[in-house]
Amino acid sequence: MSISLSSLILLPIWINMAQIQQGGPDEKEKTTALKDLLSRIDLDELMKKDEPPLDFPDTLEGFEYAFNEKGQLRHIKTGEPFVFNYREDLHRWNQKRYEALGEIITKYVYELLEKDCNLKKVSIPVDATESEPKSFIFMSEDALTNPQKLMVLIHGSGVVRAGQWARRLIINEDLDSGTQIPFIKRAVAEGYGVIVLNPNENYIEVEKPKIHVQSSSDSSDEPAEKRERKDKVSKETKKRRDFYEKYRNPQREKEMMQLYIRENGSPEEHAIYVWDHFIAQAAAENVFFVAHSYGGLAFVELNCCNWVSSSEPLDTSVESMLPDCPRVSAGTDRHELTSWKSFPSIFKFFTEASEAKTSSLKPAVTRRSHRIKHEEL
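Each residue of the sequence shown is one higher than the one before, counting from 61 in our numbering.
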């Protein structure tokens, strides 16, 4: 007879087994009965209740979604917005599906940067060999030669990549609010050179090599009967462990390892690398930075303005207990929307800063990073 149990029933059984095994001889009868019960559980039938395979499309068309003329992600058949809870009571599966869609959108935004914004993709490190891990940034053709103005765009932390402000906004709102594309197009139209950083692209992932451990049981001096008994116990233990692992991680996802990109292994390293190898070499008289969230931490000591989430009207002064940039309201309570909502004010700030610039008696600030390299210590 085959017995199917839910995980809610199975877990207490394992707990009770552990408690019984700690008891005295009087508990042996109960232990034997429970072992017999567990031996008749159909594990394969039990696992059928688990999530579907983590096998998702690799194109927007495969997901049956597309961006409409307003830049909104919509289902190509129903016209409805993206639905996260595609399968009820399967949060992990829904999250994996969302992440798979996010990876497709990242590549889609990269294509827009090249095709719609006419930016070029530049590999880094600039002296990387063919076999080593690489990252990349995006630049306009005149990024290093524009004599007047250069705009540098930096996103925040997390899953976002070059050209994005917030993946959630791209999926649930539209491309304008969630990407840097409106900033790039306006910057180009107003005569700026443009560099788009990619500070979260710090490593590549490869499958972790499997290590096979040779069993030493064959070379043991133990009697054959004792060795067979130990092997049997070992196999039963492995069977239980494999079952637990299958239940905990039923999709058996591959174990991956991270290979970090030289001199770009963190957002901070990336910002320094791009500064030293690109921004410092630019001909522009004025360099302007648009940095969202964590991306702005590297520049708080420069003359700047910080648009923060606030219920106050746009550009209203906001008090701060920190000695960083002057803070003003972005006109929204939602952190991820601050860059988009302050979009017109940012360009107004840049224009006024350029017009107000006059000859200064202060020494010119050289464009190089002021970090101490390890070899200089």
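C-beta atoms are modelled at their ideal positions from N, C-alpha and C, and glycine is treated no differently. The model shown is predicted, which means the values in this text are computed figures rather than measured ones.
Could you give the distance in angstroms between the alpha-carbon of residue i and the alpha-carbon of residue j?
i: Ser414; j: Ser389; result: 22 Å
i: Ile241; j: Thr392; result: 20 Å
i: Lys401; j: Ser380; result: 20 Å
i: Lys292; j: Thr119; result: 48 Å
i: Glu288; j: Lys295; result: 10 Å
i: Asn346; j: Ala247; result: 13 Å
i: Glu329; j: Ala188; result: 16 Å
i: Leu374; j: Pro386; result: 14 Å
i: Trp335; j: Met199; result: 13 Å
i: Arg157; j: Pro327; result: 26 Å
i: Asp176; j: Phe410; result: 24 Å
i: Thr92; j: Lys290; result: 20 Å
i: Pro283; j: Thr297; result: 21 Å
i: Glu265; j: Leu161; result: 18 Å
i: Ser191; j: Glu323; result: 16 Å
i: His135; j: Leu150; result: 21 Å
i: Phe403; j: Val220; result: 19 Å
i: Ala331; j: Thr205; result: 20 Å
i: Asn467; j: Arg147; result: With the chain running from 61 to 437 in the structure shown, residue 467 is simply not present.
i: Gly139; j: Asn145; result: 17 Å
i: Lys417; j: Ala126; result: 45 Å
i: Gly251; j: Asn178; result: 14 Å
i: Ser369; j: His337; result: 33 Å
i: Glu412; j: Asn363; result: 13 Å
i: Ser377; j: Ile230; result: 29 Å
i: Trp153; j: Lys408; result: 45 Å
i: Glu163; j: Pro207; result: 36 Å
i: Val143; j: Glu285; result: 59 Å
i: Ser405; j: Phe243; result: 12 Å
i: Ala344; j: Glu372; result: 35 Å
i: Gln155; j: Glu201; result: 38 Å
i: Lys167; j: Trp225; result: 14 Å
i: Glu159; j: Leu133; result: 15 Å
Rounded to whole angstroms, how far is the Cβ of residue i from the Cβ of residue j, which I believe are closer than 8 Å?
i: Lys268; j: Glu315; result: 4 Å
i: Met317; j: Val254; result: Rounded, the Cβ-Cβ distance is 35 Å, inconsistent with contact.
i: Tyr354; j: Ile184; result: At roughly 20 Å, the Cβ-Cβ gap does not stay under 8 Å, so Tyr354 and Ile184 are not in contact.
i: Tyr170; j: Gly223; result: 7 Å
i: Leu319; j: Val256; result: No, Leu319 and Val256 are not in contact; Cβ-Cβ is about 24 Å, not under 8 Å.
Going by DSSP, which residues form a beta bridge with residue i?
i: Arg134; result: Ala126
i: Phe349; result: Val212
i: Glu148; result: According to DSSP, Glu148 bridges with nothing at all.
i: Trp367; result: Val388
i: Val256; result: Phe198 and Leu213
i: Lys167; result: Partner(s): none; Lys167 has no beta bridge.
i: Lys181; result: Phe198
i: Thr239; result: Gln224
i: Ser377; result: Val388
i: Ile264; result: Leu319
Are the CB atoms of residue j and residue i within a distance shorter than 8 Å?
i: Asn258; j: Pro141; result: no
i: Asn262; j: Gly325; result: yes
i: Lys209; j: Phe348; result: yes
i: Arg227; j: Ile165; result: yes
i: Ile339; j: Lys194; result: no
i: Ala351; j: Ala203; result: no
i: Phe196; j: Val182; result: yes
i: Glu124; j: Lys137; result: yes
I want to check one thing, is the minimum distance from the CB of residue i to the heavy atoms of the ligand NAP below 7 Å?
i: Leu114; result: The model depicted lacks the ligand NAP and carries no ligand whatsoever.
Inter-stretch contact at 8 Å, needing at least 3 Cβ pairs: the stretch 113-131 / the stretch 213-224: They do not touch, by the three-pair rule.
Three-pair Cβ contact test at 8 Å for the stretch 388-406 versus the stretch 233-248: With a cut-off of 8 Å, the stretch 233-248 and the stretch 388-406 count as touching, because enough Cβ pairs lie within range.
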